Amino acid sequence: AGAQIIVSPNCEPSVIARAVDLGMTPFPGVATVSEAFTAINAGARHLKLFPANVLGVASMQAWHDVFPPPISILPVGGNYLTSDISTGLRTPLSEAEKIKIKHGCAMTSMIPKDETIRVPSLGGREDREVSRQILGRIVEPRMEEILNLAYNEVVKFGFEDLLAAGVVLTGGTSLLEGISELAEKIFDMPARKGIPIGVGGLNDIVNSPAHAIGVGLIIYGRNQNILRGTSTGMLGSITRTVKKMFSEFF
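Here the sequence shown stands for residues 5 to 254, numbered as in our numbering.
Shown next as structure tokens:
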């Protein structure tokens, strides 16, 4: 109740049209140009590309060239941050990703001045002790850029007054320490991390913003099967496969 934004993992024209009729802002998930135009024709003015890392920047730019205004695509994400850390700390990308996850903080002011981290070096050189605040000075500007880009799009289309309920952050990068505080500062409204709900089994793994989209897709598929009265055998098989995948990796 009171929601002003509807985010969905798929493109469902009836949901988009209903949201628009109610004065809400729909963010449908799309994976093809056809789905994108279906969403646009239903009234959507913002699209959530999934999976963006598979589509790539070149694909998103090509999409942007054929979309009518006001449709926005922001080809930025956590992989940019990993690259920044790798370059700034002179460490391999694989190690930069680990450092981001374990020590990253979106607000340098939240990091104790005397705290240090161990950074693996390039070329087989010895590891180095580096102030964690140096890492913060790499992370914070990139996260400010990403969040400001998102906020500027909201303002450009006149939706800043519709976000009364605040901002919900999802995806792996939303796990960064201080990200909610930085989002609140930039959007000037409450911000929180979105966590999947209504999920049984493997809660310690999937109960995270990093898996919100994947869990949402599974729940949506289950609900669609129930509504259509179709067999849940295939969906059950998919769910078991996903659980097995999570258990193998984690």
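Idealized CB from N, CA, C, for every residue including glycine.
Bear in mind that the values here come from a model prediction, so they are computed numbers and not experimental data.
Could you give the first and the last residue of the continuous beta strand (DSSP E) run that contains residue i?
i, result
"S135", "132 to 135"
"L51", "Counting along the chain, L51 falls outside any beta strand (DSSP E), and DSSP gives it neither H nor E."
"V80", "From DSSP, V80 is part of no beta strand (DSSP E); its letter is neither H nor E."
What's the call for residue i, buried or exposed, on a 16-neighbour Cβ count within 10 Å?
i, result
"I201", "exposed"
"M114", "exposed"
"F253", "Unreliable positioning characterises F253 in this predicted model, as indicated by a pLDDT of 42, which lies under 50. The coordinate reading is nonetheless provided below. With fewer than 16 other Cβ atoms within 10 Å, it is exposed."
"R146", "buried"
"P213", "buried"
"L153", "exposed"
"V37", "exposed"
"T91", "exposed"
"V143", "buried"
"L93", "buried"
"S12", "buried"
"G27", "exposed"
"L53", "buried"
"V158", "buried"
Which of the three DSSP states is assigned to residue i in this structure?
i, result
"I10", "strand"
"P32", "coil"
"K117", "coil"
"A195", "strand"
"E181", "strand"
"L276", "Not covered by the structure: residue 276. The range shown for the chain is 5 to 254."
"R129", "coil"
"L167", "coil"
Measuring alpha carbon to alpha carbon, tell me which of the options ends up nearest residue i.
i, options, result
"T177", "P194, G82, L166", "G82"
"T95", "A21, L53, E119, L139", "L139"
"F161", "T112, R49, S18", "R49"
"L166", "A43, P194, R146", "P194"
"M111", "E185, R196, N211, S125", "E185"
"G108", "D88, S125, M28, Y155", "D88"
"S125", "E99, I150, I223", "E99"
"D118", "R129, G127, V134", "V134"
Is it true that the CB of residue j sits closer than 8 Å to the CB of residue i?
i, j, result
"I103", "V123", "yes"
"L51", "V34", "yes"
"F41", "I10", "no"
"T120", "R141", "no"
"G198", "L180", "no"
Does residue i have its Cβ less than 8 Å from a Cβ in chain C?
i, result
"T177", "Within the model displayed, chain C is absent; a lone protein chain is all it includes."
Identify the continuous alpha helix (DSSP H) that holds residue i and give its terminal residues.
i, result
"D25", "17 to 25"
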